[in-house]
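Okay, so here's the structure we're looking at.
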Amino acid sequence: MNVRNQFIKEFRGETLGTISSESSSEEYFQNQTLRPILKMQNELFIEIFKNYILKSKANFETFTIDKKLLFIENSIQNDMKFRSLLNGIVIGLFTTDEYLLYSQNVNALNKRIITMLVERIKSQLQLFD
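When you line the sequence shown up against the numbering used here, it's residues 33 to 161, in that order.
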């Protein structure tokens, strides 16, 4: 294993979630790779989303909770430039082997990344007030 790959694995920490013999390859990748990266990058994602709110010039603080949750979801799901930025932050912390696995199933894994990011940011809504 090269130095970069070893560093990345050690840096981002252990597997999060349950992996069993019945886990699909996508579920395994999610718990082995994606969850640790999302956890590690959480503070960065929060700051990036705060900046997104400012740049969007939305009166986010005046929104109802439901409207805030919808704004979060729509921003991440529908703004392709923003979505690509978030995906890039995650992909940049893949090892070479993980990237090769990712590249074989880009669409399904991107969907998992975005779904987990939406839920992660929604669950921390209080940080945006």
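Backbone N, C-alpha and C define an ideal beta-carbon position, used for all residues, glycine too. Bear in mind the structure is a predicted one, so any value in this text is a computation, not a measurement.
Sub-8 Å separation of residue i and residue j beta-carbons
{"i": "Arg44", "j": "Pro68", "result": "yes"}
{"i": "Ile85", "j": "Phe160", "result": "yes"}
{"i": "Thr128", "j": "Lys41", "result": "no"}
{"i": "Asn137", "j": "Glu58", "result": "yes"}
Residue range of the alpha helix (DSSP H) that includes residue i
{"i": "Ser155", "result": "It is not in any alpha helix (DSSP H) - Ser155 carries neither H nor E in the DSSP assignment."}
{"i": "Thr128", "result": "128-136"}
{"i": "Glu93", "result": "No alpha helix (DSSP H) contains Glu93, which DSSP labels as neither H nor E."}
{"i": "Ser116", "result": "112-123"}
{"i": "Gln38", "result": "35-44"}
Sequence-distant residues of its chain with Cβ nearer than 8 Å to residue i (five each side left out)
{"i": "Arg115", "result": "Ile108, Gln109, Ile146"}
Expected contact under 8 Å - CB spacing of residue i and residue j to nearest Å
{"i": "Ile121", "j": "Lys154", "result": "Contact doesn't hold; Cβ gap of about 18 Å is too wide."}
{"i": "Leu157", "j": "Lys100", "result": "6 Å"}
{"i": "Gln62", "j": "Arg144", "result": "5 Å"}
{"i": "Tyr131", "j": "Leu141", "result": "Not confirmed; about 11 Å, so no contact."}
Close beta carbons around residue i, own chain, < 6 Å, minus the five adjacent residues each side
{"i": "Gly124", "result": "none"}
{"i": "Thr65", "result": "Glu130"}
* Are at least three pairs of beta-carbons, each pair with one atom in the stretch 68-88 and one in the stretch 146-159, less than 8 Å apart? -> The stretch 68-88 is in contact with the stretch 146-159.
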